[in-house]
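Before any comments, here is the structure.
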Amino acid sequence: MLPLLPLATGAGPAAAGTGPEPAGTAAVTPVADVAHHGYVTLTGGGRLEVTVESRSHGPASLPNATLRLAFSTALARGQELPSACVWGSDRVVLCSTGALRVGGAVRRTTLDLQTAGAPDEVTVKVGTHWNGGAHDRNTRNNLHEILAPATGDPYAF
Numbered sequence: 222m223l224p225l226l227p228l229a230t231g232a233g234p235a236a237a238g239t240g241p242e243p244a245g246t247a248a249v250t251p252v253a254d255v256a257h258h259g260y261v262t263l264t265g266g267g268r269l270e271v272t273v274e275s276r277s278h279g280p281a282s283l284p285n286a287t288l289r290l291a292f293s294t295a296l297a298r299g300q301e302l303p304s305a306c307v308w309g310s311d312r313v314v315l316c317s318t319g320a321l322r323v324g325g326a327v328r329r330t331t332l333d334l335q336t337a338g339a340p341d342e343v344t345v346k347v348g349t350h351w352n353g354g355a356h357d358r359n360t361r362n363n364l365h366e367i368l369a370p371a372t373g374d375p376y377a378f
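My numbering puts the first residue of the sequence shown at 222, with every later residue one more than the last.
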């Protein structure tokens, strides 16, 4: 499983805790426009399907990113998640996207979940939790809030 959260930030010897970086070797922050798009479907019985396609529009590729999905209602306990995902709480799931290469294939995350009850609607917040320290100048395409009524229809973002 790929790591979901960074253990250290920065670059060079200072990040490793071995001392200051030598003069003239300032760390360069990569720029990567991470984008998430997909759909959310909620049925009357509380079945919640979420599909997210993640990519980097560049200019930098990313070795990994962490997708955060937050739900307005609690999810049923004891559900198994895909191997790249972990529970953040009963309403939050974090998933590793894997490498996001510029011009490469999208990385798809699919969740088939059950809510704790049978709500009439669920709001899902989708966003980038961690992107490897890259600067994203366009967060409009990676932060979404989707209202999904319990109609069984897919609601796109």
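Ideal Cβ placement from N, Cα and C applies to all residues, glycine included.
Own chain partners of residue i with C-beta closer than 7 Å, once the 5 adjacent residues on each side are dropped
| i | result |
| --- | --- |
| F292 | R312, V343, V345 |
For residue j and residue i, the rounded distance between their alpha carbons
| i | j | result |
| --- | --- | --- |
| A286 | L321 | 8 Å |
| G353 | I367 | 25 Å |
| T360 | T294 | 25 Å |
| T272 | A377 | 9 Å |
| T250 | V261 | 33 Å |
| G338 | D357 | 37 Å |
| A371 | G266 | 8 Å |
| R384 | R298 | Absent from the model: residue 384. The displayed extent of the chain is 222 to 378, so no value can be given. |
Cβ separation of residue i and residue j, assumed to be a contact under 8 Å, to the nearest whole Å
| i | j | result |
| --- | --- | --- |
| A349 | T330 | Position check: residue 349 holds Thr in this sequence, whereas Ala was assumed. About 12 Å separates the two Cβ atoms, so there is no contact after all. |
Contacting residues, own chain, Cβ-Cβ under 6 Å from residue i (five flanking each side not counted)
| i | result |
| --- | --- |
| V307 | L315 |
| L332 | V271 |
Chain-order list of residues whose beta-carbon lies under 8 Å from that of residue i (same chain, five-residue window excluded)
| i | result |
| --- | --- |
| S282 | A253, A320, L321, R322, V323, G325 |
Start-to-end residues for the beta strand (DSSP E) that takes in residue i
| i | result |
| --- | --- |
| F378 | F378 -> no beta strand (DSSP E), and no H or E assigned at all. |
| V252 | From DSSP, V252 is part of no beta strand (DSSP E); its letter is neither H nor E. |
In DSSP terms, what residue i is bridged to
| i | result |
| --- | --- |
| T336 | L296 |
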